[in-house]
Amino acid sequence: MKEFIKEKVKEAVRELFKFENEEPFERASFEKPKKKEFGDFSTNIAFLLSRELKKNPFEVAKEISEKLSQSPQFEKVEVAGGGFINFTFSQGFYEELLKEIVEKEFYASNLGKGEKVLLEYVSANPTGPLHVGHGRGAVVGDVLYRIMKLTGYKPEREFYINDAGRQIKLLGISIYYRIKELNGEKVELPEDAYQGEYITEVARELLKKNPKIVELAEEEAVKEASEFGKEFLLKRIKEDLKELRVEFDNWFSEKSLYEKGEVEKVLNLLKEKGLVYEKEGALWLKTTAFGDDKDRVVKRSNGEYTYFASDIAYHYNKIKRGYDKAINVWGADHHGYIKRVKAAIEALGKDPDWLEVILIQLVKLFKGGKEVKMSKRKGEFVPLRWLINQVGADAVRFFFLLKRHDTPLDFDIDLALSTKSENPVYYVQYAHARLCSIIDKAKEEGFYPSPDSLHLLNSQEERELITKSYLLKYEIQKAAQKREPHRITYYLIELSSTLHKFYNKHRVVNRENRELTQARLYLIEGVRKTIEIGLKILNVKAPRRM
RNA sequence: GGGCCCGUAGCUCAGCUGGAUAGAGCAACGGACUUCUAAUCCGUAGGUCGGAGGUUCGAAUCCUCCCGGGCCCGCCA
């Protein structure tokens, strides 16, 4: 629709003004105007062209509109507001759109042109169950993946497992102490140990599996506890993700980077470039050469590599795997880290814009008007699983996409459980169920969708349903381009609203008028399909009955 | 001190690569069920888009400064 109008206008401009430069068309807006008096589609192209052509916008707009009025797809083409060109579609054009909606994959496109994109998200440490913050990142990543797939990108999903380094050792220590405790010893937990209840659970499991662990020397036991805990908790994380319907193509292990010597290799590479130096017994990367505020340690004076070091190796690995683009979904608390990683990427000879970082802001839970919090003292977060059990995966997914990912989200649990229109999940799902119910009812009475008499669909509400449904295509494109999956939820709420409005004004099944009934059923089927696709992108259920 | 993000209706937020009279939902008030699902719809009311300048034919949107809020600045991950 948008491309169609753009092409039409381009053609007209070429003929009228012998103007070939396409650049203004890229900057111009071709949109559905907010006010319906302004027609079905509108463009500001005349304003942009007026500069190039040295003519006043109104004149330019007028010439274009006169030319295009003759096209069969438009009922009228008018100039308003000093230079906007407003298009009103002809009945025939609506009919074509509707047929495309019902019969084709109208929502897919090739915007991404086969670009290979690596989407990395969640990447939680296997040192505890997922919390709600992880969940938000998971849903954003997962939905972005679906959106990019529909727009012609070649996305891949990856979870980076931090299964090496200090936090894993600490996990082992924490479990070991709990084992001692379970064994009747009185223990004082180390300051920085993981305190959560789940640690005791892991300890109990380990003790069940290998009761002899208590007889081992501390170092040995801790090592075993680390290994066991890591596996156990990773499994738990995978279960949590499954509950949320989030999947991955690759599970990438940090430890494997060390085992294959990739960390060492990449540091040597940087050393050869003269970007790594020694100071105070530690190894530093000269990130300041690429805009960072200060240089960063990659190997500590005690001989251990930093997390940053393996991250450099990880990103080097991503580069070597040949992706056109890498997108990382991170918690907002990591934002100070972006510059450093981008500096490393540049140091490795890659354009730092190759890496894009999507920051996920905090999620706060509210119930009964009060914030839900876990014990702050123990540094615990609300587990994702708990939230899913409260409101269900559908509501969790939908609510996580109710706001742009970079703004803090207040999650109202009572609202998510409400079965009124105030709850947007129900509002949208209800629209779908309502449509199914009409179609079923019609079937009982012997009516079926048919495109034979679509000319009867000429009311304001019907036309709006058609254009609104078709807009899904452009919403998906915008969401992909701007990496903003929440646009789809907003779109669905709007489409549902348009549908409910139609429903309250027009009756679909009408025994007196078979032609109109079947044409409307055809329309309804198109809308139903559109909502279903939209919900599928969010991976939220589209119920036939509620 | 440096950096990033945010400030839009009573509340929660859309809109932000500049475009026409700034939009939803909730809350408030008044209506619509002998009807394909009232889990819905219609109407009323509600705004100096934090403030001040600037750029422009045109600014919620871009630039500068100020005010207010959040987050980050470790040989942690």
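Positions 0 to 545 (numbering that gives the first Met the number 0) are the ones given, in order, by the first sequence. Ideal Cβ positions, reconstructed from N, Cα and C, are used throughout, including at glycine. Treat the numbers as computed from the prediction; the structure is a model and nothing was measured.
Classification of residue i by the beta-carbon crowding that lies within 10 angstroms, buried from 16 upward
i: tyrosine 276; result: exposed
i: tyrosine 447; result: exposed
i: arginine 543; result: exposed
i: proline 125; result: buried
i: alanine 216; result: exposed
i: methionine 147; result: buried
i: glutamine 428; result: buried
i: asparagine 20; result: exposed
i: lysine 528; result: buried
i: glutamine 69; result: exposed
i: proline 71; result: exposed
i: glycine 553; result: No answer is possible for residue 553: the residues shown for the chain start at 0 and end at 545.
i: glycine 127; result: buried
i: glutamine 459; result: exposed
i: lysine 535; result: exposed
i: lysine 467; result: buried
Test item: CB-CB of residue i and residue j under 8 angstroms
i: glycine 533; j: isoleucine 100; result: no
i: leucine 408; j: arginine 135; result: yes
i: asparagine 316; j: leucine 268; result: no
i: isoleucine 174; j: valine 201; result: yes
i: glycine 151; j: lysine 112; result: yes
i: glycine 38; j: asparagine 85; result: yes
i: valine 245; j: alanine 137; result: yes
i: glycine 171; j: lysine 222; result: yes
i: alanine 518; j: leucine 434; result: no
i: serine 309; j: valine 262; result: yes
i: arginine 482; j: glutamate 474; result: no
i: isoleucine 465; j: leucine 520; result: no
i: glutamate 253; j: tyrosine 313; result: yes
i: leucine 455; j: leucine 498; result: no
i: tyrosine 336; j: glycine 164; result: no
i: valine 328; j: glycine 132; result: no
Own chain partners of residue i with C-beta closer than 7 angstroms, once the 5 adjacent residues on each side are dropped
i: histidine 130; result: Phe380, Val381, Pro382, Leu383
i: asparagine 55; result: Ser49
i: lysine 98; result: Pro450
i: isoleucine 387; result: Glu242, Leu243, Val395
i: glycine 228; result: Leu170, Gly171, Ile174, Val201
i: phenylalanine 289; result: Ala342, Glu345, Ala346
i: lysine 500; result: Glu460
C-alpha gap between residue i and residue j, whole angstroms
i: alanine 107; j: glutamate 258; result: 42 angstroms
i: arginine 462; j: phenylalanine 40; result: 13 angstroms
i: asparagine 503; j: phenylalanine 88; result: 25 angstroms
i: isoleucine 530; j: leucine 491; result: 7 angstroms
i: phenylalanine 18; j: lysine 298; result: 60 angstroms
i: aspartate 191; j: threonine 286; result: 30 angstroms
i: lysine 153; j: alanine 541; result: 26 angstroms
i: phenylalanine 105; j: lysine 264; result: 48 angstroms
i: tryptophan 385; j: glycine 391; result: 10 angstroms
i: histidine 404; j: lysine 472; result: 21 angstroms
i: threonine 488; j: arginine 177; result: 44 angstroms
i: arginine 295; j: leucine 284; result: 5 angstroms
i: aspartate 352; j: glutamate 345; result: 9 angstroms
i: valine 424; j: valine 507; result: 24 angstroms
i: glutamate 443; j: serine 436; result: 11 angstroms
i: lysine 234; j: tyrosine 304; result: 26 angstroms
i: glutamine 389; j: alanine 224; result: 32 angstroms
i: leucine 188; j: isoleucine 167; result: 16 angstroms
Contacts around residue i, its chain only, beta-carbon distance under 6 angstroms, and the 5 residues preceding and following it disregarded
i: glutamate 355; result: Ile326
i: isoleucine 318; result: Lys349
i: tyrosine 144; result: Leu118, Pro154, Arg156
i: alanine 11; result: Ile63, Lys66, Leu67
i: tyrosine 322; result: Lys115, Leu117
i: phenylalanine 29; result: Lys1, Ile4, Lys5, Thr42
i: glycine 82; result: Ala45, Phe46, Pro56, Phe57, Ala60
Member of the options whose CA lies at the smallest distance from the CA of residue i
i: leucine 494; options: Glu95, Ile523, Asp352, Ile44; result: Ile523
i: glutamate 62; options: Glu263, Glu94, Phe16; result: Phe16
i: aspartate 162; options: Ser449, Leu232, Asn85; result: Leu232
i: valine 142; options: Ala312, Tyr315, Ile172, Phe399; result: Phe399
i: valine 340; options: Lys366, Ile359, Asp292, Ser300; result: Asp292
i: valine 121; options: Arg203, Glu187, His333; result: His333
i: leucine 103; options: Lys338, Met545, Tyr469; result: The sequence given here has lysine at residue 103, not leucine. Comparing Cα-Cα distances from lysine 103 to each of Lys338, Met545, Tyr469, the minimum goes to Tyr469.
i: leucine 149; options: Arg513, Asn509, Glu511, Pro484; result: Pro484
i: glycine 445; options: Glu271, Ser496, Asn509; result: Asn509
Chain-order list of residues whose beta-carbon lies under 8 angstroms from that of residue i (same chain, five-residue window excluded)
i: phenylalanine 365; result: Val371, Asp409, Phe410, Asp411, Ile412, Asp413
i: asparagine 538; result: Asp141, Val142, Arg145, Arg244, Arg396
i: serine 417; result: Tyr425
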